[in-house]
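Asks:
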Amino acid sequence: AGGTGVLLRDPDGRRPPLSLRHRGERRLFLRANYLRIEAQVPGDGPDGDAELAFRFRGPLRRQRTTLAWSQPTSGGEEWIRRLEEPLLAGLASVEAVQSLRIRWLARSREWRLILETMSGSVVSGFMAPLPIPVPMERREAQGIIAMVDALASTSAVG
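Note that our numbering has the sequence shown beginning at -1, numbered continuously upward.
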């Protein structure tokens, strides 16, 4: 709660705006200000409200990510087949993901993406008394845009 945010708008109006802000968290030896990126994306989805869950398996170097509904969802498998490849490709471009939530809200017919990452953040801690900026690389920003585009593409589904 609180803090300053930035709203990024597509100059061509083809994409929904992205909201960016920092969320601070203090741990025993670390103080992090995660970059929180949010988007509300109009589209189509399952008949009822649902949330996508990302599962990470295997050792870090060969980690495999899969996508599933957090609860059984009517017609959900069709949506997984449609969204899994582009969402996972976009996610693979983003380093140091702290959390990712993608919710479908049937009544308002929109997807809500909330991504928290160390990229684009600032960290400090016991061994680093001065804040250390963690840059966001261009490919990471493109991966986030690709996830938004994947969700937006659902509105073209017949």
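For each residue, glycine too, the CB sits at the ideal point set by N, CA and C. Remember, it's a predicted structure, so these values are computed and weren't measured experimentally.
(1) Give the DSSP-derived three-state secondary structure of glutamine 140 in the structure shown.
(2) Let me know the secondary structure DSSP gives glutamate 82 once reduced to three states.
(3) Since threonine 115 sits in a beta bridge, which residues does DSSP pair it with?
(4) Which residue comes first and which comes last in the beta strand (DSSP E) that contains proline 131?
(5) What is the rounded straight-line gap between the Cα of serine 119 and the Cα of arginine 21?
(6) Spatial neighbours of glutamate 114 within its chain, please: CB distance less than 6 Å, with the 5 preceding and 5 following residues excluded, ordered by chain position.
(7) Please report the residue range of the beta strand (DSSP E) in which arginine 21 lies.
(8) Where does the unbroken beta strand (DSSP E) through glycine 3 begin, and where does it stop?
(9) CA-CA distance, methionine 116 and glycine 46?
(10) Taking the alpha carbon of glycine 3 as the point to measure from, which residue in Arg13, Ser17 and Gly11 has its own alpha carbon closest?
(11) Can you say whether leucine 5 is buried or exposed, counting buried as having 16 or more other CB atoms within 10 angstroms of its CB?
(12) Opposite leucine 65 in the DSSP bridges: which residues?
(13) Here's a check: name, in chain order, each residue in its chain whose Cβ is nearer than 6 Å to the Cβ of methionine 134, leaving out the five neighbours to either side.
Replies: To lay it out plainly:
(1) Within the sequence shown, the letter at position 142 stands for residue 140. The answer is helix: DSSP assigns glutamine 140 an H, G or I state.
(2) Position 84 of the sequence shown holds residue 82. In the structure shown, glutamate 82 sits in a helix (DSSP, three-state: H, G or I).
(3) Within the sequence shown, numbered from 1, the residue matching residue 115 stands at position 117. Beta-bridge pairing links threonine 115 to Leu33 and Val95.
(4) Against the sequence shown, residue 131 aligns to sequence position 133. First-last of the beta strand (DSSP E) with proline 131: 130 to 132.
(5) The count along the sequence shown starts at 1 and reaches residue 119 at position 121. The count along the sequence shown starts at 1 and reaches residue 21 at position 23. Looking at the two C-alpha atoms, the distance is approximately 9 Å.
(6) The residue you call residue 114 lines up with position 116 of the sequence shown. Hits under 6 Å: Tyr32, Arg34, Gln96 and Ser97.
(7) On the sequence shown, position 23 is the one that residue 21 refers to. Unbroken beta strand (DSSP E) run through arginine 21: 16 to 24.
(8) Taking the sequence shown and counting its residues from 1, the one referred to as residue 3 is at position 5. 3 to 6 is the span of the beta strand (DSSP E), which, as asked, contains glycine 3.
(9) The residue given as residue 116 occupies position 118 in the sequence shown. The residue given as residue 46 occupies position 48 in the sequence shown. Approximately 32 Å between the Cα atoms of the pair.
(10) Residue mapping note: residue 3 aligns to position 5 of the sequence shown, counting from 1. For glycine 3, the nearest C-alpha among the options comes from Ser17.
(11) Residue mapping note: residue 5 aligns to position 7 of the sequence shown, counting from 1. By the 10 Å Cβ count, leucine 5 comes out exposed.
(12) Position 67 of the sequence shown, counting from 1, holds the residue named residue 65. Note: leucine 65 sits in a beta bridge opposite Phe52.
(13) On the sequence shown, position 136 is the one that residue 134 refers to. Excluding positions up to five away in sequence, the list reads Ser117 and Gly118.
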